[in-house]
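Worksheet: the structure to be examined is printed underneath.
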Amino acid sequence: MKFAGVIKNSFVDYPKNISMVVFTFGCNFNCWYCHNRDIINGEKKEFYDEDEILNIVKNRINFIDGIVITGGEPTISKEYELIDFIKKIKELKLKVKIDTNGTNSKLIKKLLSKNLIDFIAMDIKTSKEKYKSLTCANDKDLCEIEKSIDLILNSNIDYEFRTTFVPDVKIEDIHKIAKRIKNAKSYAIQKYIPQKHGIIKIPHTFEEALEALKISKKFVKNAFLRSFD
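Residue numbers for the sequence shown follow my numbering, beginning at 4 and rising by one.
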């Protein structure tokens, strides 16, 4: 398995844990605000092979609690490669968190059933009716996302749903998302930071973010703002 990049030490990517973050290549979405566009569009040519990553992990094993697998979209990787890699991490007695857009419910179900992951973070980009325009998702993707939401809601591991509050996502969209994931363990409304993306749009105000949070808390007790000043 090949990886697009690595962060050797992170205090923010795995809640309550110090982690190492690895990035997979490619994504089946095309979100205009993605800050890893070089990973998903093929611009990034350098890579780490699996042995390099495992050597870095072993050298840092006394300094980290777990590994975060992000992207791109990790679940579009070859299933056997991803599962084999995770098994090698678990053999080192480290926790595993995976970030996903939820479009491969079959693989998510398999990871959960085999107890291969300890935490899953799923991005819910917007309300269902806006998904295609924001992400270029297709009908199959939307069906998979619904299945993944239900799998995660009914799982027995730690998880987080999250939405980046980009200008295209309105407060009414946040309302629909929060209602869909009612009683979830955690829901993060993340700040959109224009300078990190190629397309610049005017962000929502902090007051709008607070209003979105207020609405979210009607459905998800542990809803919160992330990275807002």
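Here a beta-carbon is modelled for each residue, glycine too, at the ideal position from N, C-alpha and C. If you're wondering where the values come from, they're calculated on a predicted model, not measured in any experiment.
Asked: Assumed close pair I72, I101 - CB separation to whole angstroms, cut-off 8 angstroms; Found: 5 angstroms
Asked: Touching by the beta-carbon criterion (3+ pairs, under 8 angstroms), the region 84-100 and the region 112-124; Found: yes
Asked: Beta-carbon spacing of D161, K185 below 8 angstroms; Found: no
Asked: Candidates K11, N58, E214, V223, of which the one nearest F66 by Cα; Found: K11
Asked: Per DSSP, the bridge partner or partners of T166; Found: I192
Asked: K128 burial status per 10 Å Cβ neighbour count (16 or more: buried); Found: buried
Asked: Check whether A226 and I174 have beta carbons under 8 angstroms apart; Found: no
Asked: Beta-carbon spacing of F50, F88 below 8 angstroms; Found: no
Asked: Delimiting residues of the beta strand (DSSP E) encompassing F227; Found: 226-229
Asked: Contact test: I120 Cβ vs the ligand COA heavy atom, cutoff 7 angstroms; Found: Summarising the ligand content, the structure contains no ligands, and the ligand COA is consequently not present.
Asked: Closest residue to K221 among A181, G105, V60 (Cα-Cα distance); Found: A181
Asked: Cβ distance (whole Å) where I56 is taken to contact V9 below 8 angstroms; Found: 6 angstroms
Asked: Spatially closest choice to M125 from V15, L154, I70, N141, by CA coordinates; Found: L154
Asked: Where the beta strand (DSSP E) through I67 begins and ends; Found: From DSSP, I67 is part of no beta strand (DSSP E); its letter is neither H nor E.
Asked: Beta carbon of F164 nearer than 8 angstroms to that of K194; Found: no
Asked: First and last residue of the uninterrupted beta strand (DSSP E) at D126; Found: 122-126
Asked: Closest residue to K143 among S158, I196, K109, R63 (Cα-Cα distance); Found: K109
Asked: Euclidean distance between Cα positions of I70 and K61; Found: 12 angstroms
Asked: Simplified DSSP assignment, three categories, for S22; Found: strand
Asked: Helix, strand or coil at T138 [DSSP, three-state]; Found: helix
Asked: Close-in-space but distant-in-sequence residues of the same chain around C34 (CB under 6 angstroms, 5 per side omitted); Found: T138
Asked: Environment of H38 [buried if 16+ CB atoms lie within 10 Å]; Found: exposed
Asked: Top-ranked residue by Cα proximity to G75, from N107, K113, F28, T106; Found: F28
Asked: Contact under 8 angstroms by Cβ, I202 with Y36; Found: yes
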